[in-house]
Ligand SMILES: Nc1ncnc2c1ncn2[C@@H]1O[C@H](COP(=O)(O)OP(=O)(O)OP(=O)(O)O)[C@@H](O)[C@H]1O
Ligand SMILES: Nc1ncnc2c1ncn2[C@@H]1O[C@H](COP(=O)(O)OP(=O)(O)OP(=O)(O)O)[C@@H](O)[C@H]1O
Ligand SMILES: [Mg+2]
Ligand SMILES: [Mg+2]
């Protein structure tokens, strides 16, 4: 680790600790959504960025994680219009099982994931979204149907990640509600997920994945069991999706099938493109960008030109955010090979003047000079 | 930090001796609107928002409430649950009540927090699972009551009798399923056979469904879907020679359909059932609302959202006024004040009982009929009434 | 039996519309190897232009304008984005088209606002009675038009150099240029044609038995994806077959919904995708698609 | 002089490769027609033949990329025809590709480390958690990669993305990657195609050094007849998928069938192949 | 730019004057001048990276595909300026390039590849004739007409690439390493083909690594080194020069012989890996 990496890590860690003491709940909530998105995007980047397998069904695995957690953790409920099932397991166990369940779901799809490539795989995974929506709205006892169901708060060693009005937690004069508490949980999960993915990418599996992306036949001839690897990465990526789903469920406090639709799946693709394909940092940057953009525009819509308040004629904040995020995808691919991460790296290099600006970032989108056929 | 408040309780008494809480200051009361301006219910959301802002403006001109001016805090969730949750986290701590929330999935997603916050909330959805929560006030009838009254109407005026088959086309989700509960009940009571067809909001072409209804030989069709699907259903049925009466839920119709090719079919034998009076009705309050609305929003069409939003705003403001009398403008105080009224809304054409919350506030439904020339595109076909069937019906709650 | 026939005919006619959309995907894929996720916005723009102009221009002129407008938008996307994106993987280009689609549909739905727009077609809500089977006239028009257009393309691909130029450019634009192919023209042409096809499909999707154009139309475009894929992304015949399979599946599953309740409600939406998955498991490149064969 | 060289410390564990009656058919085309030959342990065996004769196809069958329609390939005790590529790699068979098949965006070091895949164990979990075992393994094999890079002459380029390197260097990376698999049989598909005189010499030198140091078997496809004649201990000639000659280079070179099908007039060959 | 007027239109061949080419910051050619008279075969020799392909790209107008551009100088053919023209315009002028590495359209059939070659030409009858000629030159292409080109062997692909270029009935053919990876006999066949094509009136500019073969074909030769012309002259003369013999023909290096005859290597030996 270079000195600047250590410095940066320290700064980020300090920021992560201090933030909940200053920002109000709604910012924390958006921050938490961004963290969850980052975990999910890291998983997708392992699959799409590093291994070259296009997936448009990532949202499905988030759903499996979210509803898996809710089902495992909830006590069964009789009565009401619908009876709701549940296993009533301890919540940490439920979370782990939910992540594993997402992995199993990925494993079930892997016969397809191992066989198909490119656009075919992309659209085949699209089916997951529709099948998932269908299953979620029909499996009412598990998912609560169309309206979803409430999420039991996480409880770790007697510490509850929820608002506890009866026993308020106050630290340094700041009341610690559900979101403040979850913030730290989210930050730790993201850190762990990021480090793990980095280890995978830089290690033996990562090289095998990259070679499968670049030259599948060569990978096989070099001893990489290609189908098993493709399936394995699919499962791993699903588990990341599942973990993101669990975190989102905890932040939401209510999970609803509608949320895990096509738009969400596309947003994850946008994240890894915007941030930078194939790397952990790229996924995180993209996730933060895509999840915070609408929020920032809404918050500052009155200060921004061309954006109108809700209900007036013109481009509203929500629309502006949509347009900007669509544009960002296009602009990044056209002008920023390597995504925002590539841009940051280049800027740092240029400022540090350590290498000429032309040095291509490792995972750039631009083709490298032709190799001979 | 700014956030370091010590975490104490948040109710306090302001200078005038009125207990206040979040959303109320010495001169201002903030009311949240969580609406859909960019999603599938954008036109409805826009009418609701406009109408409520009109009401608040009128109230402010008349001196406000409790010496305070009303302020609307609008957030557009675009019919996206996550955005709704985010919006609630953002505006929840700053408002005293939610004068409308579009979409029952959105209300459900924030239901726990609404209850924890004791936030008076008027959903613009009429599914039965929204009942049973003290701060949540579903206005007038629920979809099942409307359908029961609708079946009753079919039996009394359209010659449907025991042994006949009737169809019901409904959306998946709360709306359709609530309505289906009602139709199932009524069909059983009257000895009718119900032919169900469930669709999704993304389905556009009802040909297959019509074929299925035709095959079953239905004598009338209940409709609990969106306006587009209604138009397709009615158009295809008629064109295919299935000339039966249609009875829709209040969300199944929109005046925008009249200029489309489905218009004539809708005008022929389609009715919709609604707990709130159509804006074209003779009630003086409605007439005034229509005039004021036209004056303020000359370019916007008038639809059912206008009257629904306006009366919902009135419910919230009346609750605030009552709470002011009780010198308690905290959220809990507002909810209690609201729940103390048992005959609200005569002037809007429907008497509602707010003291119970595990039953619909009213069992009376209007039968309305599309009309090209009428304001809001429909006229009252039959005045509000409770059917005997509806009186005996046990509403499923939650 | 009548019911079955009616459902079948209805499925075929709606399938023909899906086939038109799928054909657009196929053409773009052949020319630029891109899966065009921005197709929904082409659909929307075509329909929108027809809806906005038919009153003043009359239907046929408005239709022509709609076709031209969507074609122009397709060409513009190619010119402004696809041509300039220099990426290794075509999957990335596919994601770029998602970005384009988000921008365009957001703006278009904002323009359309909350209205339901009629397209002013001459067929109205007339229905043809053939024996006991009823078919809307508009659907017959869709079927006839789609069959003609698809037949035309099949012939064009086979007997003109256009198809060759398109595939050559798709595979290696530099070498195609060395053959004298004008790259810009070929791929832009393909996008324009796909745009026009989308506008045509939009017309048939937004007239009777559906009430008109509104913002939800884009959702229907999704169903053309399984159609294009299960037929084979690079096959014109595949687009036709895929469209018909999806249309008929959807119609039958919808029509026999009450008999199929045991499978769960709302099966109509997933059925196309299930069919697609099954076909892909057996033939990973779709029914008529060419298998990606590598040699080293 | 082909049989002159026998590395003294020849590894006894290097197995014999026996190709028996291998036939490969593609739709309407017989690419290999009952081809048989044997690669003796530790020898350099060349496969030559006109373009399209089936040489690369033969390599593809041996490395599991293509499935033989019939016939058998035995490497020691193992029957290869039914195995997938990675299982064949695990037996110690490595190859290079006629058309470069490297990961252009990865560094030379990473491309070479991929060659170690079959010799290393770290999976998702141990790599993700950076378990000590994974780290130790990476370090140990990293050293060997550097040794091999030095041997092939790639030390200065280790950190460079492969795609930025000149063609000749990329071809050497291909060879180094195959060596990193610690193969018992090394298959080289046209290792000097597209190289100039100097580069060709260097590559030939390398191949000799490999055989000298490691004593492994080498199967070579090459059109540069000068090189084939000098390096090979035995030559198999294919034409239209059929074996038309097999034996020591001198014999094969003078086989009239071979001259007809492949070499053309001998005098011209000398001139045309530098 | 008229300083280097390439002469009267219609009868002059290809002229390249003071050509400089950059790929972004990299300069690949500087001040290269070269003439290919009508009906001649001219060859360009040079090591890897000398700039041979770059020269051909500058002529055929495909530099832009590699993010390169002409910095200075001019290219003209038959009196018409080619520098600055689009690739399709260059093809329309009758200058057709066979790209390095064959670049057949792998997913199209052999037949379709040939049809692609005729896309630039308008004349249908001429195309049919060209097809006849190509199939006589390379009968194997007729046999494999329905096979996908990507599945052809290397040599077959090379023949297809040349055949495809001939479909446009070029006045001038630019060949970039046509014998790359070809069997000796096939290389000779290609050489014969080039002779034949030339005899039928097509001017040829040939880039080759196989110097012996190239020099036997060409009347005139240029040697490029690091982007500059370092030698030029009649092919026969060059073939005699020591420099060319040593560097490009690989003749006269005694180290070579010693090495390949099995003498101990000068390289550090690689020890066996013991796991
Ligand atoms: N996957 C495939 N499908 C169909 N035909 C194939 C395939 N692979 C190779 N062929 C055919 O098999 C024959 C042998 O090809 P191969 O590549 O083995 O030749 P080669 O001897 O390596 O030639 P070269 O020296 O030119 O590389 C050729 O005719 C080729 O077209
Ligand atoms: N796209 C490119 N971007 C940057 N530099 C390039 C590019 N293409 C070629 N070059 C550089 O230009 C110089 C000349 O390359 P060129 O391909 O013309 O050589 P060549 O003589 O054809 O070599 P070879 O015998 O390997 O084909 C080389 O230094 C090469 O690195
Ligand atoms: Mg070969
Ligand atoms: Mg070159």
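Residue numbers (the working numbering), protein chains in the order written: chain A, 106 to 478; chain B, 315 to 712; chain C, 183 to 478; chain D, 263 to 536; chain E, 10 to 284.
Where is the CB? At the ideal position from N, CA and C, for every residue including glycine.
Regarding residue i and ligand 3, is the C-beta to nearest heavy atom distance less than 7 Å?
i                      : result
residue 162 of chain E : yes
residue 317 of chain D : yes
residue 360 of chain D : yes
Ligand 2 heavy atoms versus the CB of residue i: any closer than 7 Å?
i                      : result
residue 62 of chain E  : yes
residue 419 of chain D : no
residue 219 of chain E : no
residue 307 of chain D : no
residue 377 of chain C : no
Do residue j and residue i count as a contact pair if the criterion is CB distance below 8 Å?
i                      : j                      : result
residue 62 of chain A  : residue 266 of chain A : Lying outside 106 to 478, the shown extent of chain A, residue 62 of chain A is not represented and no answer is given.
residue 118 of chain E : residue 170 of chain E : no
residue 30 of chain E  : residue 67 of chain E  : yes
residue 597 of chain B : residue 591 of chain B : yes
Just checking residue i against ligand 1 - is the residue's beta carbon closer than 7 Å to any of the ligand's heavy atoms?
i                      : result
residue 481 of chain D : no
residue 165 of chain E : yes
residue 291 of chain D : yes
residue 134 of chain A : no
residue 313 of chain D : yes
residue 156 of chain E : yes
Kindly indicate the opening and closing residues of the beta strand (DSSP E) around residue i.
i                      : result
residue 365 of chain E : As shown, chain E starts at 10 and ends at 284. That puts residue 365 of chain E outside it, with no answer to give.
residue 307 of chain D : 306 to 310
Let's see if you can read the secondary structure: which residues bound the alpha helix (DSSP H) around residue i?
i                      : result
residue 480 of chain C : Past the edges of chain C, shown from 183 to 478, lies residue 480 of chain C, and the structure says nothing about it.
residue 430 of chain B : 418 to 431
residue 478 of chain D : Looking at the DSSP string, residue 478 of chain D is not in any alpha helix (DSSP H), and its letter there is neither H nor E.
residue 88 of chain E  : No alpha helix (DSSP H) holds residue 88 of chain E; DSSP gives it neither H nor E.
residue 234 of chain E : Per DSSP, residue 234 of chain E belongs to no alpha helix (DSSP H); it is in the beta strand (DSSP E), 229 to 234.
So, is residue i buried or exposed, given that buried needs 16 or more other C-beta atoms within 10 angstroms?
i                      : result
residue 587 of chain B : buried
residue 122 of chain E : buried
residue 311 of chain C : exposed
residue 450 of chain D : buried
residue 332 of chain D : exposed
residue 305 of chain C : buried
residue 269 of chain E : Residue placement at residue 269 of chain E is flagged as unreliable, the pLDDT there being 47, under the threshold of 50; the coordinate-derived value follows with that caveat. That one is buried.
residue 263 of chain E : Residue confidence for residue 263 of chain E is low, a pLDDT of 46 falling below 50, so the modelled location carries little weight and cannot support an answer.
residue 165 of chain E : buried
residue 440 of chain A : exposed
Check your understanding: Taking a cut of 7 Å between CB atoms, which residues from the region 528 to 560 of chain B lie near chain F?
Key -> Included in the structure are the protein chains A, B, C, D and E, with no chain F among them.
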